[in-house]
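These notes are about the structure you will find just below.
Chains as they are written, first to last, in our numbering: chain A, 68 to 347; chain B, -12 to 472.
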C-alpha cells in the first residue's frame, strides 16, 4: 500500500517536472517569437518587403532581393535534396539490413553532425573556386547538403511507421514492390515526410555561413542564377552587427519576415496535407 | 559620258522630288504635333505647352529653371528674371534680346516673352547656361535635355557588370553607400557586391580570385605577399578610422584623460582600480569611483584589435615584448571578450567599471563615454574625424602601408588606422580592371566618398593619402597597358 502511494507520489512529481520542462521549452520559443515580433513589426510593411536595401542614412529600403534570394536558394536546395533523399530513404526502408544501407545510414548521421560552415567551405571549394564566381546555384547546392540528412533520417523513420501488416497485405494481394511503395507506403507516410521536409526547409532558411560562402550577398536585384545573391540570414548578420539604428531595425524586421515565412510554409503544408487526407 | 550625265541629272531630280514628297506629310504635320521635353529620361510637363518660335523652343521659365535645380526670382519693376544655380546667375529681361550669364552679356534669337499668360524662355539658352546639354530629336519631336549631374555619367564598361568583392567589416556601411551611389552614376551600370566577411577572409578571397578586389584593415603578411608573386597586391588607402577607448564609470562622462602609459598599464593589468593615483593625477577635476577595472576585448579576430595593440606596442616597450600586435593577441590581464564592436560596446555598457575599445562610429552611435588620449605632442585629444585625418597629414608616401598610430602631429588622435582596398597590380579581366580603377578613382581621387564618410564617422584621407592612392591606381595594368586613362 505504502509502496503504491510512494510510486504515485513519485509519478506525480515527475509529471509535474515534465510539464515544467515542456513549459520552459515552449516559453523560450514564445519569448523569442514575442521579442522578434515586438522589435520587427514596426519596420515591416509592403515597401520593406519589395524594395532593395538602402545604405546607412538613406531612408526607406527593404529586403526585397534578400527575400527572393532566400526563397530561391531554399527552393533550389529542396528541389535537389527532396527527390534524392526520399529515394534514399525508400532504399533504406526496403533493404534495411543490406551493407549499403548500413553505410548510407552511417554517412547520413555523420553528415548531420558536420557544421554547416564546413558544408559551405566544401561547396565553396568545389563550385565557387572552380567556376570563379559566387552564385545562387552554389547557395542552393550548399543548402541541399544541409537539408539532406534531416530529410533522409526523418523520411526513413516515417516510412518505417507504415505497419508491416499492411505491407504484407499488399504483397499478399499480388501488388508488386513498386506498387506497394508508391500506392501504400509513400501515401501512408506522406504526412511525416512533409513534416521532415518542412523541418529541413526551416533549418536551411536560417543558415548564414553556407550561404555567405557560396552565394555571397548582393545589394541589387537578381537577374540570373550565376550571380552573387542576397539572403535573409546574411542580411541580418550584416545589419545586426552594424552600429546604425536603422540597419539594426531592419535586421529585426528581416528576422520577423524569416520566422513568418517559415511559419507560413509550415502551416500551408499542414493544411494541404489535411486536404489530401480528407479527400482519400 | 553625255548620255550618262543626263541620266544622272534625271536621277538626282527624281531623288530630290521623292525625298520632298515623302517629307511633305511630316512637314505638314509638324506644327500640329506637340513638342515634348525630356530631362534625364523624365518628361517635363508644365501648364503651358512648349512652343517653337522662330526656330527656338520656348518653355515656361519656372519649369525649366526649377527642373535644373535653379532658383528663380522675378522682379516686376524691371521685368527681370534672375535664375541662380550654384555660382551661375542668369539674367533675362522680358522682351529684350540681351541677357547675362555669369556677368557675361549674351544676345538671344528670341527674348523672354509672355505666351498664354506665362513667361516663356528659350530652352536651349537656359539649359546650356546651367551646364546641361540639349539635343533635338526631329522624329519624336522631342527635346532631350541632359543635366550637368546626369552628364557626369561614367561608362567604364560596355555592358552591365557585376563584381563580387568583400572583406573588412569596418568600412562596410560606407562601402554599401558608395556601391549604391556608384551604380547610379554608371551607365551601363557597374554593380559591386561587397560582403562583410572580415579582413582575413577578404585577403583569402582576393588571393583565390573569388573577389575582384578586397577590403582590409590589415596589410598583407610577408607570406601572403610571397603567395601573390609574381603579381603584386596594391594597398590603396580609402579612409581612416579612429579606435575609441570607451568606459562605463557611473557619474563620469566623456573626457577621462589617459596617457599612453596609463592605458598600457590598465591593459597590462598593472593598474586595477579606477581611483588609482596614476589615473587620479591625470584627472584632478573628476571624482573617480573606487571601482575595479574590468578589461573588455574583442573575442573575434579583428582589425580593431590590430590597431589597438599596434598602438600599445608603439607606446609601451613592455607591451611590445610581452604581448605584441595582432588581430588576436594573448591578453596579459583578466579580460572579458565581446564579439564584434557591438559585443564590446554591450559588455562595457553593462559592467560598471568596464573599459574597452571600439570604432568611433560604434562609440558615437551607442552614446558611450570616450577617453581623451594624450598624443605624442602631449595634447589630450578626443577621438574625432578631424583628429583622425590629422594623424596622417604629415605622413610620407610609403607610410600608408601601415597604421598611422601615435602620430607626431600636434592635433592628432593617436589610435587610428587606415582601411585599404587590395587590388591586383596586373589585372586578368579587362572589364573588371576598368570598373575597379574607375570606381576607386571616383570614390577616392574625385573625393565622392567624403560627404558619406564624415557622416558615418570615417575620416577622409589627407591630400598625401589621396596622392598615394592616385599613384597606385595609375600603376594598375591589364595586358601590360595601364588601365587609368
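C-beta: ideal position from N, C-alpha, C; glycine also.
Scanning chain A for C-beta atoms nearer than 8 Å to the C-beta of residue 327 of chain B yields 308, reported in chain order. For residue 286 of chain A, the C-beta contacts it makes with chain B under 7 Å involve 163, 166, 167 and 180, in order along the chain. Residue contact check for residue 370 of chain B against chain A: no CB pair falls below 7 Å. Going by beta carbons, residue 213 of chain A and residue 205 of chain A fall outside the 7 Å limit. Around residue 348 of chain B, the beta-carbon contacts reaching into chain A at under 7 Å are 310. Runs of the alpha helix (DSSP H) lying entirely within the segment 139 to 189 of chain B, each at least 4 residues long, are 159 to 172 in chain order.
Residue 437 of chain B and residue 447 of chain B have their alpha carbons spaced roughly 6 Å apart. Residue 25 of chain B carries a strand assignment under DSSP once its states are collapsed to helix, strand and coil. Pairing residue 329 of chain A with residue 192 of chain A, the inter-Cα distance amounts to about 30 Å. Taking residue 178 of chain B as the centre and dropping the five residues before and after it, the same chain places the C-beta of 149 and 170 closer than 6 Å to its C-beta, in chain order.
Taking every protein chain shown into account, the CB of residue 355 of chain B has 16 or more other CB atoms within 10 angstroms, so this residue is buried.
Residue state for residue 330 of chain B is assigned as helix, using DSSP reduced to three classes. Neighbourhood of residue 123 of chain A in chain B, by CB distance below 9 Å: 160, 161, 163, 164, 439, 442 and 443, in chain order. When B:43, B:44, B:198 and B:71 are compared, the shortest CA-CA separation from residue 52 of chain B is found for B:71. Exposed is the label assigned to residue 249 of chain A, since fewer than 16 other Cβ atoms lie within 10 Å of its Cβ. Secondary structure note for residue 305 of chain B: its alpha helix (DSSP H) is the uninterrupted segment 304 to 309. Annotation for residue 270 of chain A: 213, 214 and 217 place their beta carbon closer than 8 Å to its own, counting only its chain and skipping 5 residues before and after. The continuous stretches of beta strand (DSSP E) do not include residue 286 of chain B, and DSSP gives it neither H nor E. DSSP places residue 70 of chain B in the strand class (E or B) of the three-state scheme. Proximity of residue 289 of chain B to chain A, defined by a Cβ-Cβ separation below 7 Å, is not satisfied. Three or more beta-carbon pairs drawn from the segment 313 to 326 of chain B and the segment 289 to 305 of chain B are found closer than 8 Å, and the two stretches are therefore classed as touching. Going by DSSP, residue 214 of chain A is part of the alpha helix (DSSP H) stretching over 203 to 227. Counting of Cβ neighbours within 10 angstroms places residue 224 of chain B among the buried residues, the total reaching 16 or more.
Exclusion of the five residues before and after residue 388 of chain B leaves 206 and 222 as the residues of its chain whose Cβ lies within less than 8 Å of its Cβ. Sequence-ordered contacts of the segment 195 to 207 of chain B with chain A read 195, 196 and 197 [C-beta pairs closer than 8 Å]. For the segment 193 to 225 of chain A, the beta-carbon criterion of a distance under 7 Å to any beta-carbon of chain B is satisfied by 195, 196, 199, 200 and 201.
The CB of residue 279 of chain A comes closer than 7 Å to the CB of 182 and 184 in chain B, given here in chain order. In terms of Cβ geometry, residue 298 of chain A and residue 133 of chain A form a close pair [threshold 7 Å]. Non-local beta-carbon contacts of residue 151 of chain B in its own chain, meaning distances under 7 Å to residues more than five positions away in sequence, involve 180, 197, 198 and 199 in chain order. In this structure, the straight-line span from the alpha carbon of residue 255 of chain B to that of residue 366 of chain B is close to 23 Å. Counting along the chain, the unbroken alpha helix (DSSP H) around residue 137 of chain A starts and ends at 131 to 161. Look at the beta carbons and you see the segment 118 to 125 of chain A touching the segment 157 to 164 of chain B: at least three pairs across the two are nearer than 8 Å.
Counting only residues of its own chain and dropping the five nearest sequence neighbours on each side, residue 353 of chain B has a CB closer than 6 Å to the CB of 332.
Closest by C-alpha distance to residue 140 of chain B, out of B:130, B:127, B:119 and B:126, is B:119. Using a Cβ distance threshold of 7 Å, residue 413 of chain B and residue 462 of chain B do not count as a contacting pair.
A Cβ-Cβ separation of about 5 Å places residue 154 of chain B in contact with residue 203 of chain B under the 8 Å criterion.
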